[in-house]
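Novice: Got a structure for you, written out below as C-alpha cells; questions coming shortly.
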Amino acid sequence: MSLQSEIGTFVAAVLNYFDTAVQQAAVVGTPYLALGKPPEVFDYTGMIRISGKRKGVVYFTAPKGMLSVMLMRMQETDMSDANLRDLVGEVANTLSGNARKDFGRNFIISTPSVVAGSSTTIGYSPDTRPIVVPIDWRAYHANLVVCLN
Amino acid sequence: MNAARPHRLMIVDDSNIMRRKIERSQELPNVEIVGSAGNGREALELHASSHPTLVTMDLTMPEMDGIECVEQLVGRDPDIRILVISALADKATAIEALEKGASGFLCKPFTERQLNDALVKLIEG
Numbered sequence: 004m005s006l007q008s009e010i011g012t013f014v015a016a017v018l019n020y021f022d023t024a025v026q027q028a029a030v031v032g033t034p035y036l037a038l039g040k041p042p043e044v045f046d047y048t049g050m051i052r053i054s055g056k057r058k059g060v061v062y063f064t065a066p067k068g069m070l071s072v073m074l075m076r077m078q079e080t081d082m083s084d085a086n087l088r089d090l091v092g093e094v095a096n097t098l099s100g101n102a103r104k105d106f107g108r109n110f111i112i113s114t115p116s117v118v119a120g121s122s123t124t125i126g127y128s129p130d131t132r133p134i135v136v137p138i139d140w141r142a143y144h145a146n147l148v149v150c151l152n
Numbered sequence: 004m005n006a007a008r009p010h011r012l013m014i015v016d017d018s019n020i021m022r023r024k025i026e027r028s029q030e031l032p033n034v035e036i037v038g039s040a041g042n043g044r045e046a047l048e049l050h051a052s053s054h055p056t057l058v059t060m061d062l063t064m065p066e067m068d069g070i071e072c073v074e075q076l077v078g079r080d081p082d083i084r085i086l087v088i089s090a091l092a093d094k095a096t097a098i099e100a101l102e103k104g105a106s107g108f109l110c111k112p113f114t115e116r117q118l119n120d121a122l123v124k125l126i127e128g
C-alpha cells in the first residue's frame, strides 16, 4: 500500500465522521508537507501512534469553536472540556478503526490519546515529514496530520 | 416484543458523548434504559444491580475492555443480548466479539437510524 492510499484511509475516516456523526460534510483542502516548522496544533488533538511496517503518528487537531459546533450538531448541550476531549478522541478512534481495517496486521496501532492546548508539541521522529491535510467545515479549519516514515 | 415487559438496556462506553448520543438516539418504545457505565468493570457492577436484557458495548475502554466484559456478561446471563458498537471495524475484531457471545456489531460512527435498526435486530434475534 502506497503512502498516498494510506493517507486516503485517514482522510476517509475523518470525512465519514463528519458525514455520519455530525451529519454535515467537511471539505478536504490541498495537502502539503510541513517543512521548516511543525504543523499547527489547535486547542484539542486526538492522536494514534503507529508502529510495525511504518512508524509515526497520525492526529486530528481542531479549535474549540469547531468542536463546540460539532457537538451542537450532534444535539449535545454540554460543551465541557471533557466532552470536547471525548469528541476528538472519537475522531481519533475512527482513524484507528479505519487503519486497522485497511492496513491489517502489518501495522500496530495504539489506543487513541487526547491532548489539549494549542501550545502542545506533538512528538515525531526527525526522519519523517509531516503531511498536513486541511479539513474545512463551515467557517472552521482543522488539520489532519499524517507523519509516518 | 412483549409490551408488558420492556427490554432493559445498559449502555457501556468510556465516552460521555457516545453514552448520551445512544440515550438520545434510542427511540424504540419497548426499551427502557436502566443505566450506563464507563468501562467493563462498572458494567459488571451495574449488571448485578439493574439486570439488563440488552447491552450496547464499546470495545476500547480503560480498566476492562469490551471483549472481556462481553465474555463475563454472557457467562452470568447466556440470554443477554449485546450489541458491540466500536470504531474497530476490522473483521477479526468483529469475529472475536461474536465468538465471545456478542449478538451484533455496529461500526462507529453511526446514525440514529442505524442504531435503532441494530437494536431491533438485536431484540428480534
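First to last, the protein sequences are chains A and B. Residue numbers for the first sequence follow the working numbering, beginning at 4 and rising by one. Residue numbers for the second sequence follow the working numbering, beginning at 4 and rising by one. Note that the Cβ used here is the ideal one computed from N, Cα and C, for glycine as well. Just so we're clear, the structure is a prediction, and the values are computed from it rather than from any experiment.
1. Would you kindly check if the distance between the Cβ of F110(A) and the Cβ of G32(A) is under 7 angstroms?
2. Quick check: the stretch 85-95 of chain A against the stretch 59-77 of chain A, are there 3 or more CB pairs under 8 angstroms?
3. Would T63(B) and T48(A) be called neighbours here (beta carbons separated by less than 7 angstroms)?
4. Would you identify the three-state DSSP class for I70(B), choosing helix, strand or coil?
5. Between W140(A) and A15(A), what straight-line distance do the alpha-carbon atoms span, to the nearest angstrom?
6. So what does F108(B) bridge to, in DSSP terms?
7. Taking Cβ-Cβ distances shorter than 7 angstroms, what residues in chain B pair up with E79(A)?
8. Identify which residue in A28(A), I134(A), N96(A) has its Cα closest to the Cα of P34(A).
9. Output needed for D130(A): all residues of its chain with C-beta closer than 7 angstroms, excluding positions within five of it in sequence on either side, in chain order.
10. Which chain B residues are close to G92(A), counting only those with a beta carbon under 7 angstroms from its beta carbon?
11. How would you call L36(A), buried or exposed, if buried means at least 16 neighbouring beta carbons within 10 angstroms?
12. Anything in chain B within Cβ reach of A85(A), meaning under 8 angstroms, just list it in chain order.
13. Ordered along the chain, which non-local residues of its own chain (more than five positions away) have a Cβ less than 6 angstroms from that of A40(B)?
14. Check this for me: beta carbons of L91(B) and L31(B), under 7 angstroms apart or not?
15. Sort R132(A), A145(A), I138(A), Y143(A) by Cα distance to K40(A) and report the nearest one.
16. With distances taken Cα to Cα, identify the nearest neighbour of V58(B) among P65(B), P81(B), E66(B).
17. Determine the burial state of I98(B): buried for a count of at least 16 other Cβ atoms within 10 Å of its Cβ, exposed for fewer.
18. On the DSSP letters alone, give me the boundaries of the alpha helix (DSSP H) that A145(A) sits inside.
19. For T48(A), list the residues DSSP reports as bridge partners.
20. Assign I125(A) to one of three DSSP states: helix, strand, or coil.
21. Taking only the alpha-carbon atoms, compute the straight-line gap between R11(B) and K58(A) and give it to the nearest angstrom.
22. Let me make sure I understand the geometry here. Which of L118(B), D17(B), K94(B) has the alpha-carbon closest to that of G107(A)?
Specialist: Answer, in terms of the structure:
1. A distance of 7 angstroms or more separates the beta carbons of G32(A) and F110(A).
2. Three or more Cβ pairs drawn from the stretch 85-95 of chain A and the stretch 59-77 of chain A lie within less than 8 angstroms of each other, which places the two stretches in contact.
3. no
4. helix
5. When the Cα atoms are used, W140(A) and A15(A) turn out to be separated by approximately 15 angstroms.
6. V87(B)
7. Per Cβ cutoff of 7 angstroms: I20, R23.
8. I134(A)
9. Contacts found: N152.
10. S18
11. exposed
12. N19
13. Shown here for A40(B): same chain residues with a beta carbon closer than 6 angstroms to its own, the five before and five after excluded, namely V15, A46, L49 in chain order.
14. no
15. The shortest Cα separation from K40(A) among R132(A), A145(A), I138(A), Y143(A) belongs to R132(A).
16. P81(B)
17. exposed
18. Looking at the DSSP string, A145(A) is not in any alpha helix (DSSP H); the run it does join, the beta strand (DSSP E), is 143-151.
19. In the DSSP output, where bridge partners are listed per residue, T48(A) has T64(A), V118(A).
20. coil
21. 44 angstroms
22. Nearest option by C-alpha distance: K94(B).
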